[in-house]
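**Q**
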Amino acid sequence: MDRKRILLVTGMSGAGTSTTLKTLEDLGWEVVDNLPLFLLDGLLEAAPPRGMEGKNRPLAISIGVRTRDFAPSQITQSIRRLNESPNLAIETLFLNCGGAELKRRYAETRHRHPLAMDRSADDGIAHERALLAPVRDMADRLLDTTNMTSNDLGQWLRANYAVEGLSEPVLTVMSFGFSKGLPRNADLVFDMRFLRNPHWSAELRPGTGLDQGVIDYIRRDPVYETAVGQIETLLDTLVPRYIASGKSYITIAIGCTGGRHRSVHVAERIAERLRKSGFSPTVVHRDLSAVPKDSLEAGPAKQ
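FYI, full-length UniProt numbering numbers position 276 of the sequence shown as 276, with every residue one higher than the one before it.
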């Protein structure tokens, strides 16, 4: 039986806990913020959320000075006790940060330090650092975020805590017709209206970009191979960069006039290329069932 993976996230207030939890959640972790220690055992014994049964989804729990029953000695005792369990794989991540940078962040956000509601941020930071010293000393990982941006921290987390089968973004390749409007939330849009248009062939018009006759017609366009090949090469570069930036959803939209012929075929080809590159795209043909209309198919593509 696989051991349940537990990550305890603690550290200095303002060092990046919120960014850490949000990133872990995007990576597929179940996240609980500021859990009172007396609820810890009950949480670990509880059934997984609906829909996640059997997936052994890892759990990240943040504990810090804002936790209601916060006590460093209890945290260290709990960590030692959990480490003895044969069913749990426990790791403690401590987020540290320099005092000057923490003070700058509090000044920039105009938030008060949780331990300095009626005194200076310097006092709160010093008090918190002393309180957390025992937890910091026994942490498995100590990450100094002083010189990290939120994006830097997110990339570090994705490199170290991605979960196989849960952390991959949802990648969609969508065909559509410009005559029906641009798809919402598309990250990349490619226009195929420069290709020869099967709509103007009486024999091919009733078909779609899934039919071999239509595919052959489109592929005979002199610029087809060069243009589509360049798009594929571009996507080989861009998609990994989108993933590295932490996007949870990536939509590549391929359009033609009606959304039934050229865009459908090219979307299928691009999806197949992405699969060969190691990705798992979903293909959606938004306007495949639309009724073809001559009035919408104007332009130089009557070839």
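C-beta: ideal position from N, C-alpha, C; glycine also.
Could you pull out every residue in the same chain whose Cβ sits closer than 8 Å to the Cβ of F190, ignoring the five residues on either side in sequence?
**A** Mapped onto the sequence shown, residue 190 falls at position 190. If we look at F190 and ignore the five residues flanking it on each side, its Cβ neighbours are I231, I252, A253, I254, G255 and V266.
**Q** By DSSP, does G28 sit in helix, in strand, or in coil?
**A** Counting from one through the sequence shown, the residue named residue 28 turns up at place 28. Correct three-state label for G28: coil.
**Q** CB L274 to CB L238, shorter than 8 Å?
**A** The sequence position of residue 274 within the sequence shown is 274, counting from 1. The sequence position of residue 238 within the sequence shown is 238, counting from 1. No, the pair does not count as a contact, with Cβ atoms beyond the cut-off.
**Q** Between the Cα of G278 and the Cα atoms of R66, P240, T10 and Y249, which residue gives the shortest distance?
**A** In the sequence shown, residue 278 corresponds to position 278, counting from 1. When only C-alpha atoms are compared, the closest one is P240.
**Q** With three or more C-beta pairs closer than 8 Å as the rule, is the region 77-95 touching the region 133-144?
**A** Touching, yes, given that three or more Cβ pairs across the two stretches are closer than 8 Å.
**Q** By alpha-carbon positions, which one of L153, P206, A121 and L37 ends up nearest to G64?
**A** For this step, residue 64 is matched to residue 64 along the sequence shown. Ranking the options by Cα distance to G64, first place goes to L37.
**Q** State the beta-bridge partners of K4 as determined by DSSP.
**A** Your numbering for residue 4 matches position 4 in the sequence shown. The partner list for K4 (beta bridge, DSSP) reads L88.
**Q** Does DSSP put H261 in a helix, a strand or coil?
**A** Locating residue 261 in the sequence shown gives position 261, counting from the first residue. H261 falls in the coil class under three-state DSSP.
**Q** Specify, as a first and last residue, the run of the alpha helix (DSSP H) that D152 falls within.
**A** Along the sequence shown, one-based indexing puts residue 152 at 152. Its alpha helix (DSSP H) spans residues S150 to Y161.
**Q** Excluding the 5 residues preceding and the 5 following K302 in the sequence, name in chain order all residues of the same chain whose CB lies nearer than 8 Å to its CB.
**A** In the sequence shown, counting from the first residue as 1, residue 302 sits at position 302. A caution first: K302 carries a pLDDT of 47, below 50, which makes its placement in the model unreliable, though a value can still be read off. Closer than 8 Å at Cβ, skipping near neighbours: N197 and W200.
**Q** Which class does D123 belong to by DSSP, given the choice of helix, strand or coil?
**A** Taking the sequence shown and counting its residues from 1, the one referred to as residue 123 is at position 123. The answer is helix: DSSP assigns D123 an H, G or I state.
**Q** Expressed to the nearest angstrom, what Euclidean distance is found between the alpha-carbon atoms of V284 and A126?
**A** Start at 1 with the first residue of the sequence shown, and residue 284 comes out as number 284. Start at 1 with the first residue of the sequence shown, and residue 126 comes out as number 126. Going from the Cα of V284 to the Cα of A126 covers about 55 Å.
**Q** In whole angstroms, what separates the C-alpha of A202 from that of K180?
**A** The sequence position of residue 202 within the sequence shown is 202, counting from 1. The sequence position of residue 180 within the sequence shown is 180, counting from 1. Going from the Cα of A202 to the Cα of K180 covers about 22 Å.
**Q** Do you know whose CA, among R129, D216 and G258, lies nearest N96's CA?
**A** Here the question's residue 96 lines up with position 96 in the sequence shown. Among R129, D216 and G258, the Cα nearest to that of N96 is on R129.
**Q** Tell whether a beta-carbon distance below 8 Å holds between V173 and I243.
**A** Within the sequence shown, the letter at position 173 stands for residue 173. Within the sequence shown, the letter at position 243 stands for residue 243. No, the pair does not count as a contact, with Cβ atoms beyond the cut-off.
**Q** In whole angstroms, give me the CA-to-CA distance for L44 and F178.
**A** Position 44 of the sequence shown, counted from the start, is the residue given in the question as residue 44. Position 178 of the sequence shown, counted from the start, is the residue given in the question as residue 178. Going by the C-alpha atoms only, they are around 51 Å apart.
**Q** If you run the structure through DSSP and keep just helix, strand and coil, what is H285?
**A** For the purposes of this step, residue 285 is taken as the residue at position 285 of the sequence shown. In this structure, H285 counts as strand in the three-state DSSP scheme.
**Q** Roughly how far, in whole angstroms, is the beta-carbon of R260 from the beta-carbon of T208, given that I think they are within contact range, below 8 Å?
**A** Here residue 260 corresponds to residue number 260 of the sequence shown, with the count starting at 1. Here residue 208 corresponds to residue number 208 of the sequence shown, with the count starting at 1. Right, the Cβ-Cβ distance comes to about 5 Å (below 8 Å), so this counts as a contact.
**Q** Of the residues I61, D41, G11 and E25, which one's Cα is nearest the Cα of N34?
**A** For the purposes of this step, residue 34 is identified with residue 34 of the sequence shown, where counting begins at 1. Considering only alpha carbons, the answer is I61.
**Q** Can you list, in chain order, the residues of its chain whose CB lies under 6 Å from that of G16, leaving out five sequence neighbours each side?
**A** Taking the first residue of the sequence shown as position 1, residue 16 is located at position 16. The residues are L95, T145 and L153.
**Q** So V228 is in the alpha helix (DSSP H); what residue range does that whole segment cover?
**A** As a position in the sequence shown, residue 228 is number 228, starting the count at 1. Y224 to A244 is the extent of the alpha helix (DSSP H) around V228.
**Q** Consult DSSP for S277 and reduce its assignment to one of helix, strand or coil.
**A** Position 277 of the sequence shown, counted from the start, is the residue given in the question as residue 277. Note: S277 maps to coil in three-state DSSP.
**Q** Using the C-alpha atoms, what's the distance from F176 back to G299?
**A** Sequence index remark: in the sequence shown, residue 299 carries index 299 (1-based). Sequence index remark: in the sequence shown, residue 176 carries index 176 (1-based). Residue placement at G299 cannot be trusted, given a pLDDT of 48 that sits under 50; what the coordinates show is reported in the next sentence. Approximately 18 Å between the Cα atoms of the pair.
**Q** In three-state terms, what does DSSP make of G213?
**A** On the sequence shown, residue 213 is found 213 positions in, with the first residue counted as 1. Three-state DSSP puts G213 in a helix.
**Q** Taking Cβ to Cβ, would you say P72 is nearer than 8 Å to P114?
**A** For the purposes of this step, residue 72 is identified with residue 72 of the sequence shown, where counting begins at 1. For the purposes of this step, residue 114 is identified with residue 114 of the sequence shown, where counting begins at 1. In this structure, P114 does not lie closer than 8 Å to P72 by Cβ.
**Q** Apart from the five residues on each side of it in sequence, which residues of its chain come closer than 7 Å, Cβ to Cβ, to Q74?
**A** Position 74 of the sequence shown, counted from the start, is the residue given in the question as residue 74. Within the same chain, Q74 has close Cβ partners L37.
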